[in-house]
Every structure is written in C-alpha cells, then in structure tokens.
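Peer 1: Per our numbering, residue 600 is the first one in the sequence shown, and the count goes up by one each step.
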Amino acid sequence: MELLTIGAFARVSRLSPKALRLYDELDLLRPARVDPGTGYRYYSAGQLGRARLVAWLRRLGMPLAGIRAVCALEPAEAAREIGAYWARVEAETAVRRDLAAFLVDQLTGESGREPMTMWELRHSAHTDRGLVRPANQDTLYAGRRLLAVADGFGPAGLAASGAAVAALRFLDEAESLPAEGVLGALEDAVRAAGAAVAAVAELAGATNEVGTTLTALLWTGSRMALAHIGDSRVYLLRDGSLHRFTQDHRVSPESPMLHKALTGGADPVPDLRVQEPVPGDRYLLCSDGLTEAVPDARIRELLASGSGPRELVAAALSAGAPDNVTCVVADLHAAV
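1) Would you kindly check if the distance between the Cβ of Val912 and the Cβ of Asp727 is under 7 Å?
2) So the beta strand (DSSP E) Phe752 belongs to, where does it begin and stop?
3) Please list the terminal residues of the continuous alpha helix (DSSP H) segment that includes Asp922.
4) Near Leu602, which residues of its chain fall below 8 Å by C-beta distance, leaving aside the five closest residues on each side in sequence?
5) What is the residue span of the alpha helix (DSSP H) that Tyr622 lies within?
6) Does Leu730 come out as helix, strand or coil in the three-state DSSP assignment?
7) My guess is that Ala920 and Gly888 are in contact by the Cβ rule of under 8 Å, so how many angstroms apart are they, rounded?
8) Pull up the DSSP beta-bridge partners for Glu719, would you.
9) Tell me which residue opens and which closes the alpha helix (DSSP H) that Thr812 is part of.
10) To the nearest angstrom, report how far apart Ala784 and Leu770 are at their CA atoms.
11) Can you tell me whether DSSP reads Leu835 as helix, strand or coil?
12) Grouping DSSP H, G and I as helix and E and B as strand, with all else coil, what is Val633?
13) Buried or exposed: which applies to Ala675, given that a residue is buried once 16 or more other Cβ atoms fall within 10 Å of its Cβ?
14) Given a cut-off of 7 Å on the beta-carbon distance, is the pair Ala824 and Val873 in contact?
15) Can you name the start and end residues of the beta strand (DSSP E) that Val873 belongs to?
16) If you run the structure through DSSP and keep just helix, strand and coil, what is Asp866?
17) Going by CA-CA distance only, name the one from Gly742, Ala765, Asp737 and Leu746 that's closest to Phe752.
18) Mind listing, in chain order, the continuous beta strand (DSSP E) runs of no fewer than 3 residues lying wholly within the stretch 643-695?
19) Identify the residues that DSSP records as bridge partners of Leu911: which are they?
20) Suppose contacts are defined by Cβ-Cβ distances below 7 Å. Is Pro754 in contact with Ala798 by that definition?
21) For Leu757, does the three-state DSSP call read helix, strand or coil?
22) Pick helix, strand or coil for Ser612, following the three-state DSSP scheme.
23) Ignore the nearest five residues each way along the sequence and tell me which others in Thr862's own chain have a CB closer than 6 Å to its CB.
24) Beta-carbon within less than 8 Å of Leu745's beta-carbon, same chain only, minus the 5 sequence neighbours each way: which residues are those?
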C-alpha cells in the first residue's frame, strides 16, 4: 500500500500538517503508519474521504467533539446529524441577529425614547399532570411582569423546575430592573437558576440525571424580553398568524434528548431576544406537553378564537397528553 507523507496528505486533503497532528492526538484522524524511529506520520489514499469530511465540517464551524461523533456514524445518520447541527446554527444566528439589533438600538439612543402608548400585561395560566406521567414536574410563574415555564426531568425534576423559576422571581418583585439592562438581568438570573438546579441535583445525588428547561418573558412596560433554554416554547399570535419565538434545544428534531438545559453541568447560555409589542399581541408560553400533543395549526386556532390556557390544556388531554402540560397566555392591552 502506497503511503503519503504528512505534507503530501495535507495538500490533497486541504488540512494543514499542524491540524493533522492535532487530529491524530485527538484520535479523530489517525495516520496509517508512524515511523518508529522518527515519529513521522504517513497516510493512505483511502483516508482522504474522512479527512475531507473533517475539513468541511470544520469550515461549518462544528466543534471537534461533534465532528468525532459524525465521523463515527453511517452516512444517512451522519447526514441527519449535520442537518440538525446546521438548524441549530441558523436558529442561534437568528437569536444573535435580534440581540445585535437590540444593542444597536440601545447604543444609538433609540431605546431612550418614551413609548407613545403604555401597555399592561394581562395573563392566565394552567398546568396539568397529563394522562400518563405519575406526577407533574412542570413549574409556572405568572406575575405582574414576569412569565416563566420550567419543565423538570429526572428523580428531582419538580424541585429543579421550582428552583429555576424561584431564581427569576426577583425580576418580578424588584421596584426597577438593574442598571445593566433587561437582557443582562435575564442572563444573570438564568445563571443563578443554573446554580440553584445544580444544588438540587447534588442533593438528589443524580447530577447528570436532574435538570429542567426554563423559558421566561419579562415585560419592561414597552418591550418583551425573552430568555430561553431547553424545549419549552414561546409563541406569538399577531394579526391571526402564529410565530414561534424559540428554538428547541434538542440533539435532533426526532430526539427527546436536550443539548442545552439547566443541569448540574456547565454554566447555562440562554437564548436572549427582545420583542417590540403591537396592539392585539397574544403570547403563549408552554411546556412540550402541549406541543407534542397539539399541532401548531390547532394552537393558532385556539389562540385566535380567544381561548386561554385551560382550553389549550384540554386540547392536549383530548390528544392523549403523554406528558405534563403547562400553558401561560398573556395579552397586551393599552393601560387605562
């Protein structure tokens, strides 16, 4: 078998010798032969396909751990994983675009203008165990300006979701938001929620099995700010059309596993965005117990007809409700 030197293989694979040495050390792309005397690496022509796949995935920005996982899959499974990864990238890019627009607005002074109309938040909420689960591990909160839904999982899921929501309640109870702004306040609160969940997981003795989603809307009086991690969702009904504000942080659309949630692990990095209100807006926060049972088209019909959380939960129960179901519906009205 004819072998290529590391320099020759680097040229045809479009990977630098430095990258090839790194991928060897990470067991991502091992050479076909290593000279026992000089330590020089040699590669076979049959390794070009894997090398080019690694190069392309690096150009996509995929982390090395993700590349290793993709390279271990059969082609059809690898294609699905790449598609799921890129869907996450596009969703996260959209969130960053919204954040960039918000920062431009802040720095140019546009946000300092007094709104022409002041609004108030009117809401209702309902939660149900569902028809299959032995207990309800969802937690909701609906205050004067904070709305939140958390879907706990694991042996201490209810304690985890409760701790996460409790960590955000100061945003509703404080007289004013912190000086660093609403998004900074939300991000700090989510970090505090992550620490609270980690403490719950440690007490439960199941650090890798206990966690929760957390999705929250914070009303500033003129804007609606969002913090989101997991697969609970926020929808907006505007002019009869239903818009989904959140991206499910699942490993893939078909998988129930989350690649981002509040657990006993690393610090959480939530999605953040700000929404400008329009008269007649209706917001829905819900756990996946609703969206797994009721299609978006039916959710739109119910919200457009004026139905509230109880009707949405009832629709999930009628569809079998295999999971806990939690809904918070909020309407913006001109303050009187």
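Beta carbons: idealized from backbone N, C-alpha and C, even for Gly.
Peer 2: From the atom records:
1) Contact flag set, yes.
2) Segment Leu745 to Phe752, the beta strand (DSSP E) holding Phe752.
3) Asp922 -> no alpha helix (DSSP H), and no H or E assigned at all.
4) Taking Leu602 as the centre and dropping the five residues before and after it, the same chain places the C-beta of Ala631, Arg632, Tyr641, Tyr642 and Ser643 closer than 8 Å to its C-beta, in chain order.
5) Unbroken alpha helix (DSSP H) run through Tyr622: Pro616 to Glu624.
6) When DSSP states are grouped into helix, strand and coil, Leu730 belongs to the coil group.
7) Rounded, the Cβ-Cβ distance is 7 Å, consistent with contact.
8) Answer by DSSP bridge pairing, in chain order: His932.
9) No alpha helix (DSSP H) contains Thr812, which DSSP labels as neither H nor E.
10) In this structure, the CA atom of Ala784 is about 8 Å from the CA atom of Leu770.
11) Collapsing the DSSP output to three states places Leu835 in a strand.
12) In the structure shown, Val633 sits in a strand (DSSP, three-state: E or B).
13) Answer is exposed; the Cβ neighbour count stays below 16.
14) For Ala824 and Val873, yes; Cβs fall inside 7 Å.
15) Under the DSSP assignment, Val873 falls in the beta strand (DSSP E) whose first and last residues are Asp870 to Gln874.
16) DSSP, reduced to helix, strand and coil, places Asp866 outside both helices and strands of the structure shown, so it counts as coil.
17) When only C-alpha atoms are compared, the closest one is Asp737.
18) Complete beta strand (DSSP E) runs here, min 3: none at all.
19) Under DSSP, Leu911 takes part in no beta bridge, so it has no partner.
20) No, the Cβ-Cβ distance between Pro754 and Ala798 is not below 7 Å.
21) Leu757 falls in the helix class under three-state DSSP.
22) Residue state, collapsed to three classes: helix.
23) Taken in chain order, the residues that qualify are Gly810.
24) Here the set comprises Leu767, Arg768, Leu770, Asp771, Ala815, Leu816, Leu817 and Trp818.
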